[in-house]
Amino acid sequence: MAQHIAILDYGMGNLHSIAKAFEHVAPEAHVQITDRAEELHAADRVVFPGQGAIGQCMQRLRTQGLDRLLGELIAQKPVLGVCLGLQAVVAHSEENGGTDCLGLLPGTVTRFPAGLPETPGGRAIRIPHMGWNTVRPTQDHPVWAGLAAGERFYFVHSYHVAAAHPAIAGQTHYGVEIASALASGNLFAVQFHPEKSQHAGLRLLRNFVAWQGA
Amino acid sequence: MALARRIIPCLDVDGGRVVKGVRFLDIRDAGDPVEVARRYDAQGADELCFLDITASSDDRRTLVHVVEQVAAEVFIPLTVGGGVRSCEDIRRLLNAGADKVSINTAAVRDPDFVAEAAERFGSQCIVVAIDAKRVEPQRWEIFTHGGRRPTGLDAIDWARRMAAAGAGELLVTSMDRDGTRTGFDNALNRAIADAVDLPFIASGGVGGLADLAAGILEGNADAVLAASIFHFGEHTVGEAKAHLRAAGIPVRDGA
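Protein chains in written order, with my numbering: chain L, 1 to 214; chain F, 215 to 469.
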């Protein structure tokens with residue numbers, strides 16, 4: 001039977017690109033943008049995207065009861081967090097005057113400090129971190145299959161999770177060392193946008209579609 | 215292994231075709247926008263910029279359709295600008311598959327619009343386009359309506375205001391250089407780079423590959439935008455990247 005890929009829609013950002021990218025890598029799959037619990041439960045895998053501010057993101061997840069649902073989904077099936085979907089799974093973010101996140105993993109989200117050199121002796125970083133940066137996988141994981149260390153992916157964000165994290169799966173340098181990917185059980189979350197990262201990003205999405213979970 | 219500097223081919227779209235005015239005079243047809251976008255994606259472009267230079271609302275719908283088609287098969291960031299006046303315009307472009315929208319005249323007319331758009335859609339998708347013309351050796355002013363209408367606004371002050379309003383990126387075009395193929399105004403670029411910590415795209419005046427490198431090394435730009443050197447087959451994006459790499463600039467292999 002064709003795979004059913006559900007993209008969680010909670011009103012945070014544009015889901016068009018990510019849906020198109022999944023339709024491209026999994027043409028046989030049923031790709032559905034939804035906020036309905038029964039459809040998310042029925043799906044083979046779930047994508048948890050997000051753009052914008054974390055305060056509004058958490059408020060919407062809670063209002064729609066999706067905060068508890070996400071925990072249940074991760075216990076059942078592979079879940080891919082993207083961008084804000086990575087930041088939302090840790091415990092807390094300093095954005096919007098301090099926001100409690102889902103706490104599915106430990107950790108905090110902080111803003112890039114202004115004025116840091118991008119590379120030793122280099123110019124100061126610009127914020128947001130926008131563009132193609134390198135990712136170094138820090139653990140073997142099926143979602144990294146075929147992707148070399150130093151592959152570039154497209155990032156756009158002003159807040160980050162520090163690389164010193166127990167679930168780190170990929171690391172990137174931008175003034176500081178950041179967690180560009182976290183992995184724990186059925187959850188794989190990336191700070192970058194695979195749906196906008198051309199060949200490398202599509203390979204990652206294909207790997208996620210093939211991944212059977214932990 | 216630093217953040218790659220981006221090369222962004224720009225597609226000026228009028229009546230459903232890519233066009234490029236040379237010195238604002240003859241508009242040369244540069245092809246079907248979907249085909250052109252495909253070609254630049256295959257050459258390793260880091261991002262694409264579509265600027266709607268048409269006047270009629272019918273043709274604006276044409277561009278939305280172009281963006282939809284491109285977004286369904288090209289998986290790199292797409293910026294769309296030209297005539298973006300309302301949150302409804304932004305919503306329509308994002309729904310069509312744009313990742314960022316570029317706001318120009320509407321920001322000058324109503325600076326609160328940028329704040330409202332950033333609040334509603336997130337700074338990550340709000341690019342403010344700054345069309346600047348040199349009025350003194352180290353002073354630039356904002357012009358609108360394709361460089362014809364002065365506003366009296368100082369370009370550097372304006373960049374700071376737009377950063378504070380929540381812009382995620384600036385697209386800085388030298389109206390003195392646009393279409394001349396004499397290189398970027400890197401004094402302008404450097405002044406912008408020093409004034410704000412937002413990423414910015416340098417635009418206007420690229421005539422060769424050395425101009426792209428200068429925009430990054432002398433102008434301190436995060437990304438460089440060019441049109442005619444790519445449209446008419448003079449250079450590929452791959453050649454441009456090879457040139458930047460040889461100049462010691464970090465670039466992405468995308469072809």
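For every residue, glycine included, the Cβ atom is placed at its ideal position computed from N, Cα and C. Since we're looking at a predicted model, the values are computed, not measured.
Have a look at residue i and residue j and give me their C-alpha separation to the nearest angstrom.
{"i": "Arg404/F", "j": "Gly65/L", "result": "48 Å"}
{"i": "Gln139/L", "j": "His30/L", "result": "30 Å"}
{"i": "Thr450/F", "j": "Arg126/L", "result": "28 Å"}
{"i": "Leu116/L", "j": "Ala124/L", "result": "5 Å"}
{"i": "Ala469/F", "j": "Thr134/L", "result": "16 Å"}
{"i": "Gly201/L", "j": "Val82/L", "result": "12 Å"}
{"i": "His41/L", "j": "Leu73/L", "result": "7 Å"}
{"i": "Ala149/L", "j": "Ser197/L", "result": "15 Å"}
{"i": "Ile222/F", "j": "Gln32/L", "result": "32 Å"}
{"i": "Ser337/F", "j": "Pro413/F", "result": "12 Å"}
{"i": "Gly71/L", "j": "Leu102/L", "result": "8 Å"}
{"i": "Ala427/F", "j": "Gly382/F", "result": "23 Å"}
{"i": "Gln283/F", "j": "Leu431/F", "result": "35 Å"}
{"i": "Val465/F", "j": "Phe153/L", "result": "12 Å"}
{"i": "Arg237/F", "j": "Ser300/F", "result": "At Arg237/F, the pLDDT of 48 sits below 50, so the modelled position is not reliable and the matter cannot be decided from this model."}
{"i": "Glu118/L", "j": "Ile168/L", "result": "21 Å"}
{"i": "Phe188/L", "j": "Val315/F", "result": "29 Å"}
{"i": "Asn14/L", "j": "Leu308/F", "result": "6 Å"}
Is residue i close to chain L, meaning its C-beta is less than 8 Å from at least one C-beta of that chain?
{"i": "Asn434/F", "result": "yes"}
{"i": "Ile430/F", "result": "no"}
{"i": "Leu217/F", "result": "yes"}
{"i": "Ser442/F", "result": "no"}
{"i": "Asp411/F", "result": "yes"}
{"i": "Arg220/F", "result": "yes"}
{"i": "Asn400/F", "result": "no"}
{"i": "Arg237/F", "result": "Interpretation of Arg237/F is limited by its pLDDT of 48, a score under 50 that renders its predicted location unreliable; the figure taken from the coordinates is listed afterwards. Not an interface residue."}
{"i": "Arg466/F", "result": "yes"}
{"i": "Ser316/F", "result": "no"}
{"i": "Asp408/F", "result": "no"}
Identify the residues that DSSP records as bridge partners of residue i: which are they?
{"i": "Lys234/F", "result": "Arg242/F"}
{"i": "Cys224/F", "result": "Cys263/F"}
{"i": "Gly170/L", "result": "Pro137/L, Ala181/L"}
{"i": "Ser388/F", "result": "Ala346/F"}
{"i": "Phe188/L", "result": "Leu80/L, Ala183/L"}
{"i": "Ala6/L", "result": "Gln32/L, Val46/L"}
{"i": "Trp372/F", "result": "Trp372/F is not bridged to any residue."}
Under a CB-based cut-off of 8 Å, is residue i close to chain F?
{"i": "Val46/L", "result": "no"}
{"i": "Val156/L", "result": "yes"}
{"i": "Gly201/L", "result": "yes"}
{"i": "Pro49/L", "result": "no"}
{"i": "Leu204/L", "result": "no"}
{"i": "Trp216/L", "result": "A query on residue 216/L cannot be resolved here, the shown segment of chain L reaching from 1 to 214 and no further."}
{"i": "Ala210/L", "result": "no"}
{"i": "Glu94/L", "result": "no"}
{"i": "Ala53/L", "result": "yes"}
Over the uninterrupted beta strand (DSSP E) stretch that includes residue i, give me the two end residues.
{"i": "Lys314/F", "result": "314-317"}
{"i": "Gly50/L", "result": "Unbroken run through Gly50/L: none, as it is neither H nor E."}
{"i": "Gly418/F", "result": "No beta strand (DSSP E) contains Gly418/F, which DSSP labels as neither H nor E."}
{"i": "Tyr154/L", "result": "151-157"}
{"i": "Gln32/L", "result": "30-34"}
{"i": "Arg111/L", "result": "108-111"}
{"i": "Leu217/F", "result": "Unbroken run through Leu217/F: none, as it is neither H nor E."}
{"i": "Pro142/L", "result": "Run containing Pro142/L: none; DSSP gives neither H nor E here."}
{"i": "Phe357/F", "result": "353-358"}
Looking at the secondary structure, which residues open and close the alpha helix (DSSP H) in which residue i lies?
{"i": "Val294/F", "result": "Premise fails: Val294/F lies in the beta strand (DSSP E), 292-295, not in any alpha helix (DSSP H)."}
{"i": "His445/F", "result": "442-445"}
{"i": "His449/F", "result": "Premise fails: His449/F is in no alpha helix (DSSP H) and is neither H nor E."}
### Task
Check distances from the C-beta atoms of the stretch 327-346 of chain F to those of chain L and list, in chain order, the residues that come in under 8 Å.
Listed by position, the residues of the stretch 327-346 of chain F near chain L (Cβ gap below 8 Å) are Phe335, Gly336, Ser337, Gln338, Cys339.
### Chain-ordered residues of the stretch 14-30 of chain L with a beta carbon less than 9 Å from chain F
For the stretch 14-30 of chain L, the beta-carbon criterion of a distance under 9 Å to any beta-carbon of chain F is satisfied by Asn14, His16, Ser17, Lys20, Ala21, Glu23, His24.
### Task
Give, in chain order, every residue of the stretch 441-463 of chain F whose Cβ lies closer than 9 Å to some Cβ of chain L.
Listed by position, the residues of the stretch 441-463 of chain F near chain L (Cβ gap below 9 Å) amount to none.
### Message
Using a Cβ-Cβ cutoff of 8 Å, what residues of the stretch 300-311 of chain F are near chain L? List them in chain order.
### Response
Leu308, Asn309, Ala310, Gly311
#### Entry: Cβ-based contacts, 9 Å cut-off: residues of the stretch 96-128 of chain L near chain F
Cβ contacts with chain F: Ala114, Gly115, Glu118, Thr119, Gly122, Arg123, Ala124, Ile125, Arg126, Ile127, Pro128.
### Residues from the stretch 266-297 of chain F in contact with chain L, defined by Cβ distance under 8 Å
Ala285, Ala286, Glu287, Phe289, Ile290, Pro291
### Under 9 Å (Cβ pairs) to chain L, residues found in the stretch 364-391 of chain F
Gly382, Glu383
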